[in-house]
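Asks: Read top to bottom, the protein sequences are chains D and R. Count along the first sequence from 1, add 355, and you get the number used in my numbering. Count along the second sequence from 1, add 1318, and you get the number used in my numbering. Cβ atoms here follow ideal geometry from the backbone N, Cα and C, with glycine treated the same way.
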Amino acid sequence: MIETLNKVEVATECFHCHEPCRADAIEFDDKKFCCSGCKAVYELFSEGELAEFYANRSFDQHEEKYDFLNDPILSAPFVTFRSDDYIRLKLKLPAIHCSSCVYVLENLHKADRGIKSVTTNFVKKEADILIQPNQISLSKLCQLLDSIGYKPDLSLDASKGTENKKISELSLQIGVAAFCFGNIMLLSFPEYLGIDSADSDFIKFFGLLSIALSIPTMIYAAKSYFINAFSGLRKGFFNIDIPIVLGILTLFFRSTYEIVFSIGPGYLDSLSGLIFFLLIGRWFQSKTYQSMSFERDYKSYFPLSVLKIVGDKENPISVNDISVKDQLVIRNEEIVPADAILLSDATSIDYSFVTGEGAPVEVKSGDLIYAGGRLKGNRITVKVRKECSQSYLTSLWNNQAFKEEKLTYAEELTNKISKHFTVVILSIALLGGIYWLFTNPDMMWQVVAATLIIACPCALALSAPFTNGNALRVFGKHSFYLKKAALAERLADIDTIVFDKTGTITSLKNMMASYNGADLAETSLQVIKSMTSNSTHPLSRAISEYLNYHDTVVLDEFEELAGKGMLAIYNGVSYYLGSPGWLGIKEDYTLNTSAVYFKKGDDVIGHFEIKHAYRKGVNKLLQELGKGKSLQLISGDNDKEMKYLESLFPKGSKFYFNQKPADKLNLIAELQRQGKKVMMIGDGLNDAGALKQSDFGIAITDDISNFSPACDAILTGNELNNIDRFLEYAKKSKQVIFGSFTLSFAYNLIGISLALSGMLTPIFAAILMPVSSISVVLFTTLRGNYLARKLML
Amino acid sequence: MSVIYILIILSVIVAGTFLGLFIWANKSGQYDDTTTPSMRMLFDDKKPESKD
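1. Name the DSSP beta bridge partners of MET886 of chain D, please?
2. Which residues share a DSSP beta bridge with PHE854 of chain D?
3. Have a look at ASP596 of chain D and SER641 of chain D and give me their C-alpha separation to the nearest angstrom.
4. Are there three or more Cβ pairs, one per stretch, closer than 8 Å when the segment 795 to 808 of chain D is compared with the segment 1045 to 1058 of chain D?
5. Determine the DSSP secondary structure at MET573 of chain D, reduced to helix, strand or coil.
6. Do the CB positions of PHE433 of chain D and PRO671 of chain D come within less than 7 Å of each other?
7. Closer than 8 Å is the cut-off here; do at least three beta carbon pairs connect the segment 771 to 781 of chain D with the segment 810 to 817 of chain D?
8. On the premise that HIS967 of chain D lies in contact with MET867 of chain D, defined as a C-beta separation below 8 Å, what is that separation, rounded to the nearest angstrom?
9. Would LYS731 of chain D and SER699 of chain D be called neighbours here (beta carbons separated by less than 7 Å)?
10. Relative to the C-alpha of SER899 of chain D, which residue among D:GLU964, D:GLU844 and D:TYR836 is closest?
11. Under 8 Å Cβ-Cβ, which residues of chain D neighbour ILE1322 of chain R?
12. Just the Cα atoms here: how many angstroms apart are THR861 of chain D and MET997 of chain D?
13. Check the Cβ-Cβ distances between ASN489 of chain D and every residue of chain R, and say whether any is below 7 Å.
14. For the beta strand (DSSP E) that contains PHE963 of chain D, what are its first and last residues?
15. Would you mind sorting TYR1323 of chain R into buried or exposed? The rule is 16 or more other CB atoms within 10 Å of its CB.
16. Between the beta-carbon of ALA814 of chain D and the beta-carbon of SER1099 of chain D, is there less than 7 Å?
17. Taking 8 Å as the cut-off, does the segment 626 to 637 of chain D touch the segment 567 to 577 of chain D (at least 3 CB pairs, one atom from each stretch)?
18. Comparing C-alpha positions only, which one of D:LEU1146, D:GLY991, D:GLN1090 and D:LEU1000 sits nearest to LEU1022 of chain D?
19. Over the uninterrupted beta strand (DSSP E) stretch that includes LEU485 of chain D, give me the two end residues.
20. Where are the beta strand (DSSP E) runs, 3 residues long or more, that stay fully inside the segment 759 to 840 of chain D, in chain order?
21. Restricting to runs no shorter than 4 residues, where is the alpha helix (DSSP H) found entirely within the segment 1026 to 1102 of chain D?
22. So which residues of chain D does VAL1332 of chain R contact, with C-beta pairs closer than 7 Å?
23. Could you tell me if LYS1345 of chain R is buried or exposed, where buried requires 16 or more neighbouring beta carbons within 10 angstroms of its beta carbon?
24. How many whole angstroms separate the CB atoms of THR1354 of chain R and ASN476 of chain D, which I take to be in contact at a CB cut-off of 8 Å?
25. In the DSSP assignment, find the beta strand (DSSP E) that holds MET1124 of chain D and state where it starts and stops.
26. Does the beta carbon of THR1335 of chain R sit closer than 7 Å to a beta carbon anywhere in chain D?
27. Residues of chain R with CB under 9 Å from PHE560 of chain D, in chain order?
28. Beta-carbon of MET1357 of chain R versus every beta-carbon of chain D: anything under 7 Å?
29. Nearest-angstrom Cα distance between PHE414 of chain D and GLN978 of chain D?
30. So LEU527 of chain D contacts chain R; which residues on that side make the cut at Cβ distance below 7 Å?
31. Going by the beta-carbon positions, is the gap between ASP1057 of chain D and GLY1072 of chain D smaller than 7 Å?
32. Between LYS479 of chain D and ALA1101 of chain D, what straight-line distance do the alpha-carbon atoms span, to the nearest angstrom?
33. How big is the Cα-Cα spacing for VAL600 of chain D and LEU588 of chain D?
34. Please state whether DSSP places MET1114 of chain D in a helix, a strand or coil.
35. Based on DSSP bridge pairs, tell me the residues matched to MET866 of chain D.
36. Starting from the N-terminal side, write out each stretch of the alpha helix (DSSP H) that is 4 residues or longer and does not extend beyond the segment 596 to 681 of chain D.
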């Protein structure tokens, strides 16, 4: 018996900054705040002193959690400068999300004299911190940040640099190209206006100066086109850069020849303009989401260091140095970095990273704990069975899928076309040359050069960057973040969609209860309702929600035992609700969900199963997607919900249950062998392999600052229902690219026919080339925005 | 009219100076983060700390 008691997530507004609060909103003074920064600023305004906030901060119990940072080797990835008096370090603080956060962090020097300055980077969610190590240690600093709500991300992966340099170089190249373009245009003006032949000295001077200006454009600004074309040629595949470079070189040498021998003014204005527009196109496509990581592997989930027991001491060691038979100490909320055997007493491990299943698993002494599990309970000692990289979880990463980069470049539409394009243009130029060789040999070289110049696929090269860049922005507005713009093209070809269940089409936050067992009398129902509504435990709340329509009664006696359950006495009868272990019931291990057993007197009546609720609107989405695509579900869970899932999914969908992470990967690979273009939508680490293998992997997350496995795009859970429209938009975008290709071919046709007839003049080229580029850019951007509006994106 | 030679060379030098300034600004990291300073300027300066 399954019900769809989906709770609507009410979006609450932060009292201070008015941004929507996430589920982990902070309540203070009966008001809701989205982050501790906002709360602090509120306190500041209501009480007038920032000091209060810092004074009231409380250190939590894991005081030794950051101790490893005091070891210079382990803290090295975060430290950018170190001397005896000062340490400068860069920390990733994923919790930064509004201007209040910036305010609180940058005023941190008022809280501790050891902190000299904090400079935050909002976009990258990073802070550059200067401290005096003799006043505050690195571990103390991190504790302080943690205590005010900005827990530093100290995973191995966070210590890597970003690719910001590339963008910075691009802007320099644009600057140089713009400078040269502007000046060459200026020098060409007399030519446009028809300079007097008496001033031929000027013509020569302007021409030589233009050559001088175009050299930095060629050598520096257009550098990457030469590099790409060369590497394309060496690998034997034709990318769009090859015809571009061909055009650029012909332009340059033809112009130099014309100017030096005073034959004509050359085409250097077109050359620099062309490079400038191409770079702008690249800029438009270069937007990246710097605060998000699309490349996380298992290392991102692991801490940098663990405590190893050596003799009677505990030393922090790097995760990479763990070897078999080491004894490690794991503290509450820490992740077990390698498959290990529990030496301490029973405890519970939360495998939600690995399996997506939220409920912690009980582990007894001597049991094997898999890497990736998070400890929920007091500190434990474990003995390592396998090295970090060999564990059950991380062995997935040894799969071939992780070794090879996805072939994005070769697949792009522009590159497919450019191969034929190059061949066609070269043969046209050749045929034209042969024709003129026999009719008027003097014209031959001019015609060949003019053909190559005017055919330079500038407009063609701009179509995809602008269309895809636009798609990237449209998707970004709806919390659908693509790793890079070119991926938008790949979305259009998807014909098979594979869903994960837990955390993807179900929400990890909303629980849903159902009852199994003998029928319950009305009194029992009322007692259960009364007991559960007295408790704040998530399982109790789910049951209370399930019994929404029953009244509560006044219980004679009620007690809640943490981690076990609840007992109540009503009219002389005792009622128990709780874990099977506590009630002395043998646990049914086939159950994949959390179960709460109900005992009345001495009889066990039945149990409640608590599962994650399905996301709202999933049914409609799946029916909509099913119209054109084949859908599949692949889950690590058992097939208990098969019936309900069948009603959710359109007819003909396939279901796979009890699938291990490697099975998921293999299924995707099998589908791809059948020629399918597969999109995988998943969340946890268990989907990482499948996400990587698929043609387009989307990681679903309820909080984008959270961990998400390596993928092509990140989507927030509440925007899942828009996937059909995203796909539709991607398809339309592809048509826009085709449209602009047609447009640029039309220009080329005009240009080439002029060039072949020997009528192409430099001034005509100077007009036609920018006009074609600009009109293509306008067409793609306007059409893209119009389509987005039509699809209500 | 030969003054044009000087004028043009001067104008290229002036423009080149601005290009140089742009390159310097870019290299010195002024464009690395364009979001945070826009927030930072809105914060009120508190009265200077008397302790230090």
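Replies: Put simply:
1. Answer is none; MET886 of chain D lacks a bridge partner.
2. D:LEU988 and D:ILE1036
3. Each residue's CA atom was taken as its position, placing ASP596 of chain D and SER641 of chain D some 17 Å apart.
4. no
5. Annotated three-state conformation of MET573 of chain D is helix, per DSSP.
6. no
7. With a cut-off of 8 Å on Cβ pairs, the segment 771 to 781 of chain D is in contact with the segment 810 to 817 of chain D, counting three or more such pairs.
8. 7 Å
9. no
10. D:GLU964
11. Going along chain D in sequence order, the residues near ILE1322 of chain R (Cβ under 8 Å) are PHE557.
12. 14 Å
13. no
14. 958 to 969
15. exposed
16. yes
17. yes
18. D:GLY991
19. Taken as a continuous stretch (DSSP letters only), the beta strand (DSSP E) holding LEU485 of chain D covers 481 to 486.
20. Listed in chain order, they are 835 to 837.
21. 1043 to 1048
22. Going along chain D, no residue has its Cβ under 7 Å from VAL1332 of chain R, so there is no contact; the nearest lies around 11 Å.
23. exposed
24. 6 Å
25. Here MET1124 of chain D belongs to no beta strand (DSSP E); instead the alpha helix (DSSP H) covers 1117 to 1145.
26. no
27. ILE1322, TYR1323 and ILE1326
28. yes
29. Caution applies to PHE414 of chain D, whose pLDDT of 46 falls short of 50 and renders its modelled position unreliable; the model cannot decide the point.
30. ILE1341 and ASN1344
31. yes
32. 43 Å
33. 12 Å
34. Reduced to three states, the DSSP call for MET1114 of chain D is coil.
35. Under DSSP, the beta-bridge partners assigned to MET866 of chain D are D:HIS967.
36. 596 to 615 and 623 to 640
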